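Protein chains: 2
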Amino acid sequence: MSSPRVIDVPALVESARAGSARAVGRLVSLVEDAHPALREVMAALAPHTGEAWVIGLTGAPGVGKSTSTTALVRAFRARGSRIGVLAIDPSSPFSGGALLGDRIRMSEHSTDPGVFIRSMASRGHLGGLSWATPQAIRVLDAAGCDVVLVETVGVGQSEVEVAGLADTSVVLLAPGMGDGIQAAKAGILEIGDVFVVNKADRDGADATVHDLRHMISLADRTAPGLWRPPVLKTVAVQADGIDAVMDALDRHRTFITSTGELRRRRERRAADEIEWIALATLRSRLSQVGGHTGVDGLSSRVADGSLDPYAAADLLISHIDR
Amino acid sequence: MSSPRVIDVPALVESARAGSARAVGRLVSLVEDAHPALREVMAALAPHTGEAWVIGLTGAPGVGKSTSTTALVRAFRARGSRIGVLAIDPSSPFSGGALLGDRIRMSEHSTDPGVFIRSMASRGHLGGLSWATPQAIRVLDAAGCDVVLVETVGVGQSEVEVAGLADTSVVLLAPGMGDGIQAAKAGILEIGDVFVVNKADRDGADATVHDLRHMISLADRTAPGLWRPPVLKTVAVQADGIDAVMDALDRHRTFITSTGELRRRRERRAADEIEWIALATLRSRLSQVGGHTGVDGLSSRVADGSLDPYAAADLLISHIDR
């Protein structure tokens, strides 16, 4: 948490809604810092949300997420859509620094007012990505983005969960990525709405497509009335296949809108957000309890075996539910 | 959660303490399932805990964690130590299944009553590994294990956090693992007490050792009075270098015991455990709230923009703190 500072929230929100990239960036920073002003920010933004199409893009390191994102940004801009990009970096829980924090990349779009690009670090807080991402999406949505593209590295459970928060989830793979990809597939197979095998000019692309189609067919995703996730090939660095990806995205959006799935996904995203805020609030209250029945006092007794952790948790909770 | 069943907890705990691998396995299953009987189990176990030396072993896929674990188990058995192994598998939050669930591996030890081996899946619950691992350690500790070895795949933040819960953390690497390892290093550098470059008969082993030593020297870990993490080489498959690893483990244990760091680590582990149990309890209560101010009712209003998520969280929390 940052130390509280006085922030003119109404002015900041108005600037962001008027298209100020600087104001949008400031609001996303407040989200990253879990700033106390967020409560007021979110109250001001709420009436202006619900318009943006949230697209998740996830994949292991090396599959070409950055180039794919760049190609998709270009395609959406060609349609005249305003687009926000949130690149979620898994980071050390210790350093707080982003491993892949190339905040200045995609310089071709850096002066385009229709594009907002931001890398976010997950700081190892409770919730991490789950806490911050829906709120950052909300900022970009209220700021008038037609599309919010959330790019995550599909290496851990939380990244997969974040991808699952999107209206439409794109899972990116590349041929010949070995065991890591095999493992990743197992986690991402259920959340992908569109699968893209990038670097499709490399050996093994067709085999990867074939494997994926086979795995999808085994994953009970082919029943009538369900969305059948397409498996597409791209060479993002030269924009090959991006049109087909855009078509698939559009078809998925039409599908989820007409079936009510869009509404269900958004309610689930809202439910997660509410739950995380509630738990973070309660956690913060618990951490402020001092003395013998605060965490420090209790942990000493649990460490020496004189108290069990459940009894300790009960004592801790007793401070907030009376 | 499993459906509650009647379990004779005192009898189960007594069997586990008498060395029944079956009873120990049953207790670990209760932990994995977050079974309601855990409260009673942990109360019964608490007085018998605090003896085991908890060693974390973490590394990316392919560095040789299984062979290293096998070699360490053999070395501890040669000393007459009883040893429990918890192999933590990152798993799909959807399938609930373990990716690497080789529960029957290490068959050479499968009939040795001094060794207990168990793979655990993280199920995508709140807390996941953080919730289950300290409790499973507690089971093995109370069951009389002198050493509990917790093997995790160092791919995500939660795995790194779990490794950080150990009394002594061993970080395993291999030469020439590329970007994945580079990324992993950044997260694991701060938690490793002993670094081991396995597969040291391969090209690049000395370069990896050199890189690691350099990174450690940059990580503010070399101040006087601090433990200086050694960087060792092994070829675990033929037990080369394992004696030196055992020496380093012993030296680290002596160091943390004499400096009070052992006590601090255990209190931190207990604090995490208490906090997770408290939050899981609160989360469970929140999820049971129905109606307009339950999560489902609130998420509908947040999704349509008529309520902001903080106000919704306040309404939700109001059910438990009156």
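Residue numbers (our numbering), protein chains in the order written: chain A, 8 to 329; chain B, 8 to 329. Cβ coordinates follow ideal geometry from the N, Cα and C atoms, glycine included. Note that the coordinates shown come from a computational prediction; the quantities given were computed from them, not determined experimentally.
At the 8 angstroms Cβ level, is residue 143 (chain B) part of the contact set with chain A, yes or no? no
Minimum Cβ-Cβ distance from residue 14 (chain A) to chain B less than 8 angstroms: no
Beta carbons nearer than 9 angstroms to chain B: which residues of the stretch 302-318 of chain A have them? 302, 303, 305, 306, 307, 308, 309, 310, 311, 312, 313, 314, 315, 316, 317, 318
Got a sec: which bits of the stretch 34-50 of chain A sit with their beta carbon under 8 angstroms from any beta carbon on chain B, in order along the chain? 45, 46, 49, 50
Which residues does DSSP list as the beta-bridge partners of residue 176 (chain B)? Residue pairing by DSSP puts residue 176 (chain B) in a beta bridge opposite B:63.
Which complete alpha helix (DSSP H) runs does the stretch 232-313 of chain B hold, if anything under 4 residues is left out? 249-266, 268-294, 302-310
Would residue 231 (chain A) pass as an interface residue toward chain B - the criterion being a Cβ-Cβ separation below 8 angstroms? no
Of the listed residues B:254, B:216, B:221, nearest to residue 240 (chain B) (C-alpha basis): B:216
How far does the alpha helix (DSSP H) with residue 225 (chain B) in it extend, from its first residue to its last? 212-225
Below 8 angstroms on the Cβ atoms is my contact criterion, and I expect residue 262 (chain A) with residue 237 (chain A) to pass it. Report the Cβ-Cβ distance as a whole number of Å. Between residue 237 (chain A) and residue 262 (chain A) the Cβ distance is about 11 angstroms, and since that is not below 8 angstroms, they are no contact.
Start-to-end residues for the alpha helix (DSSP H) that takes in residue 158 (chain A): Where residue 158 (chain A) is concerned, there is no enclosing alpha helix (DSSP H), although the beta strand (DSSP E) it sits in stretches over 154-160.
For the alpha helix (DSSP H) that contains residue 70 (chain B), what are its first and last residues? Looking at the DSSP string, residue 70 (chain B) is not in any alpha helix (DSSP H), and its letter there is neither H nor E.
Which listed residue (A:95, A:253, A:246) has its alpha carbon closest to that of residue 78 (chain A): A:246
Using 8 angstroms as the threshold, is the C-beta distance between residue 151 (chain B) and residue 86 (chain B) below it? No, the Cβ-Cβ distance between residue 151 (chain B) and residue 86 (chain B) is not below 8 angstroms.
When the cut-off is 8 angstroms and only beta carbons count, does residue 108 (chain B) lie next to chain A? Because residue 108 (chain B) sits at a pLDDT of 32, beneath the cut-off of 50, its placement in the model cannot be relied upon, and the following sentence gives the value as read from the coordinates. No, because no Cβ of chain A sits closer than 8 angstroms to the Cβ of residue 108 (chain B).
With a threshold of 8 angstroms between beta-carbons, can residue 209 (chain B) be considered close to chain A, or not? Not closer than 8 angstroms to any Cβ of chain A, the Cβ of residue 209 (chain B) fails to qualify, so no.
Can you tell me whether residue 25 (chain B) is buried or exposed? The criterion is at least 16 other CB atoms within 10 Å of its CB, across all chains shown. exposed
With a CB to CB cut of under 8 angstroms and the five nearest residues on each side skipped, what residues in its chain are close to residue 140 (chain B)? 93, 95, 127, 157, 169, 172
Any Cβ of chain B within less than 8 angstroms of the Cβ of residue 2 (chain A)? With chain A running from 8 to 329 in the structure shown, residue 2 (chain A) is simply not present.
Name the chain B residues that come within less than 8 angstroms of residue 281 (chain A), Cβ to Cβ? 302, 305, 306, 309, 316, 319, 320, 323
To the nearest whole angstrom, what separates the beta carbons of residue 155 (chain B) and residue 181 (chain B), a pair I think is in contact under 8 angstroms? The Cβ separation is near 24 angstroms, so there is no contact.
Could you tell me the distance, in whole angstroms, from the CA atom of residue 174 (chain A) to the CA atom of residue 58 (chain A)? 11 angstroms
Pair within 8 angstroms by beta-carbon distance, residue 56 (chain A) and residue 149 (chain A): Yes. Within cutoff.
Under the three-state reduction of DSSP, which class applies to residue 126 (chain A): helix, strand or coil? strand
What whole-angstrom Cβ distance do residue 159 (chain A) and residue 74 (chain A) have, given they're in contact under 8 angstroms? About 16 angstroms; that fails the 8 angstroms criterion.
8 angstroms Cβ cutoff, residue 268 (chain A) in contact with chain B: So no, residue 268 (chain A) is outside the interface.
For residue 289 (chain A), the nearest candidate out of B:198, B:208, B:324 (CA to CA): B:324
Buried versus exposed, by CB contacts within 10 Å (16 or more), residue 306 (chain A): buried
Suppose you measure from the CA of residue 224 (chain B) to the CA of residue 235 (chain B); what does that come to, to the nearest Å? 9 angstroms
Three or more beta-carbon pairs under 8 angstroms between the stretch 305-319 of chain A and the stretch 274-282 of chain B, yes or no? yes
Beta-carbon gap between residue 147 (chain A) and residue 31 (chain A) smaller than 8 angstroms: yes
Of the choices B:266, B:313, B:221, B:287, whose alpha-carbon is the least far from that of residue 321 (chain A)? B:287
Less than 8 angstroms between CB atoms is the rule here; does residue 90 (chain B) satisfy it with respect to chain A? Chain A contact via Cβ: absent.
At least one CB of chain B closer than 8 angstroms to the CB of residue 284 (chain A): is that the case? yes
Give me whichever residues DSSP pairs with residue 95 (chain B) in a beta bridge. B:127, B:159
Quick check: the Cα distance between residue 19 (chain B) and residue 34 (chain B), rounded to an integer number of angstroms? Using only the alpha carbons, I get a separation of about 8 angstroms.
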